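**Q**
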Amino acid sequence: MTRKHIALLYTGGTIGMAQTAQGYAPMPDFDRVLAGLLSRPGDELPRYTLHAYVRPIDSSNATPQDWQTIARDIAARYADYDGFVVLHGTDTMTYTASALSFMLQGLRKPVILTGSQVPLSLARSDAAQNLVTALQLAASDAIHEVAICFGQRLLRGNRATKISTERFDAFDTPNHPALATIGIHARLDHNALLPRPAVEAFELPDYPEAAVLPVRFAPGLPLRYVQSILDLQPEAVILQCYGAGNLPDRDPALLRMLGEASARGTVVVACSQAQQGRVSIGAYAVGSGMAAAGIVGAGDMTFEAIYTKLHHLLARGLAPDAVRGALARDLAGEISA
Ligand code: ASP
Numbered sequence: 000m001t002r003k004h005i006a007l008l009y010t011g012g013t014i015g016m017a018q019t020a021q022g023y024a025p026m027p028d029f030d031r032v033l034a035g036l037l038s039r040p041g042d043e044l045p046r047y048t049l050h051a052y053v054r055p056i057d058s059s060n061a062t063p064q065d066w067q068t069i070a071r072d073i074a075a076r077y078a079d080y081d082g083f084v085v086l087h088g089t090d091t092m093t094y095t096a097s098a099l100s101f102m103l104q105g106l107r108k109p110v111i112l113t114g115s116q117v118p119l120s121l122a123r124s125d126a127a128q129n130l131v132t133a134l135q136l137a138a139s140d141a142i143h144e145v146a147i148c149f150g151q152r153l154l155r156g157n158r159a160t161k162i163s164t165e166r167f168d169a170f171d172t173p174n175h176p177a178l179a180t181i182g183i184h185a186r187l188d189h190n191a192l193l194p195r196p197a198v199e200a201f202e203l204p205d206y207p208e209a210a211v212l213p214v215r216f217a218p219g220l221p222l223r224y225v226q227s228i229l230d231l232q233p234e235a236v237i238l239q240c241y242g243a244g245n246l247p248d249r250d251p252a253l254l255r256m257l258g259e260a261s262a263r264g265t266v267v268v269a270c271s272q273a274q275q276g277r278v279s280i281g282a283y284a285v286g287s288g289m290a291a292a293g294i295v296g297a298g299d300m301t302f303e304a305i306y307t308k309l310h311h312l313l314a315r316g317l318a319p320d321a322v323r324g325a326l327a328r329d330l331a332g333e334i335s336a
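Quick note: the sequence shown uses numbering that gives the first Met the number 0, first residue 0, plus one each step.
1. From A133, L193, H143 and A217, pick the residue whose C-alpha is nearest to that of I181; which is it?
2. Does any heavy atom of the ligand ASP sit closer than 7 Å to the C-beta of Q232?
3. In the DSSP assignment, the beta strand (DSSP E) including S139 goes from what residue to what residue?
4. Thinking just about the alpha-carbon of each residue, which of Q272, Q128, D188 and L313 is nearest to the one in L154?
5. Mind checking whether L340 and I73 have CB atoms under 8 Å apart?
6. Give me the residue from A282, Y283, I228 and P204 with the minimum Cα distance to L257.
7. Determine the closest residue to I305 out of S100, L33 and G22, with distance taken between C-alpha atoms.
8. Name the residue from V268, P221, T265 and A273 whose alpha carbon lies nearest to the alpha carbon of D250.
9. Mapping DSSP to helix, strand and coil, what is D30?
10. Note down, one range per segment and in chain order, each beta strand (DSSP E) of at least 3 residues found wholly within the region 48 to 95.
11. Does the distance between the C-beta of T95 and the nearest non-hydrogen atom of the ligand ASP fall short of 7 Å?
12. According to DSSP, is V278 helix, strand or coil?
13. State buried or exposed for D171, treating a residue as buried only when at least 16 other CB atoms are found within 10 Å of its CB.
14. Leaving out five residues before and five after D299 in sequence, what residues of the same chain have Cβ atoms less than 7 Å from its Cβ?
15. Candidates A146, L326 and R255: which alpha carbon is nearest V268's?
16. Could you spell out the range, first to last residue, of the alpha helix (DSSP H) harbouring V322?
17. Is it buried or exposed, A297, if we count other Cβ atoms within 10 angstroms and call 16 or more buried?
18. So the candidates are F302, D140, I5 and A17; which of them puts its Cα closest to the Cα of A126?
19. Just to confirm, are R152 and D168 a CB contact at a threshold of 8 Å?
20. So, under 8 Å CB-CB, P233 and L253 are touching, yes? Tell me the CB distance rounded to an integer number of Å.
21. Please work out which residues of its chain come closer than 7 Å, Cβ to Cβ, to R31, disregarding the five sequence neighbours upstream and downstream, and give them in chain order.
22. From which residue to which residue does the alpha helix (DSSP H) around A314 run?
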């Protein structure tokens, strides 16, 4: 059997950082350190080719344009490799993973994102294990999706959220089982993985800027704050509601302003601040007017999946009603039926 060949895209993040006077910052000789780690004899690793970005970033600086650059780099090299590993900061890894899943629909090769909580240059780093496991999983014939390999699990990228700044298991997928558990062996859960699609159907439209704005509710949030967001005339607003998708109905002005925004063509989406479970608008009396105001529920999608999916649907040029309809449809395993 020929040795698999993996493209290793280094975009930045803690994994490639070193301590500086200002705190952690990307280190200049990461490729050399990486080569040292991956050339140890005895490890059963696929062959890899490193594509290091000229300016590695802290992922807190990532924008939708960065998601696009990574997706387009993978698409451009798709035929040349058996799988892809993307080294990325943990802070916004779940956004990038979600966006990649929507751009690289119909994926038939693994795209595995990983990084680390502690830089590769430090003795107690989790980087080596994450990276080596990610490379091995990127050589698997059973994975046909964008996934995050981190700590002791492989997780679906567009179901994942960062849950810890401390733990080596920094991510979780509260509404989906892990794709694999990683111990001495990586054990794939074939029921949790996406099936191999018939054909790739990549979509790489230009993503809009500042088109999707979130509003996180908290008790007593002034309505003029919500109105000030709507006055910016975003193409979509994500309401981070309570529980099963509830908003306060103390002041009818809230639903009125949201209804007016929907009628003007803003897509208004309700998700929950709770991590696990799904939104069901109208389950409680306080939420009963939401559907009439044109607000659509986000099912059991993560905030990251909703945010990136809206960017994707809007970039495709869909009209507001088409975006509302498509939001609830499964594109890449991000939402349950
Ligand atoms: N701030 C870093 C980043 O997201 C954190 C990390 O990589 O863990 O790039």
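Yeah, the Cβ is synthetic: ideal placement off N, Cα and C, and Gly gets one too.
It should be emphasised that the depicted structure is a prediction, and the values quoted were computed from it without experimental measurement.
**A** Inspection of the coordinates gives the following:
1. For I181, the nearest C-alpha among the options comes from A133.
2. no
3. Looking at the DSSP string, S139 is not in any beta strand (DSSP E), and its letter there is neither H nor E.
4. D188
5. Since the first residue of the chain shown is 0 and the last is 336, residue 340 is not available in this structure.
6. I228
7. S100
8. When only C-alpha atoms are compared, the closest one is P221.
9. helix
10. Fully contained in the region 48 to 95 are the following beta strand (DSSP E) runs of length 3 or more, in chain order: 82 to 86.
11. Exclusion of T95 from the 7 Å shell around the ligand ASP follows from its C-beta lying no nearer than that to any non-hydrogen atom of the ligand.
12. coil
13. By the 10 Å Cβ count, D171 comes out buried.
14. N174, G276, R277, I334 and S335
15. L326
16. It spans P319 to L326 - the alpha helix (DSSP H) in which V322 sits, taken as one unbroken run.
17. buried
18. A17
19. yes
20. Incorrect: roughly 17 Å between the Cβ atoms, too far for contact.
21. Closer than 7 Å at Cβ, skipping near neighbours: no residue.
22. F302 to A314
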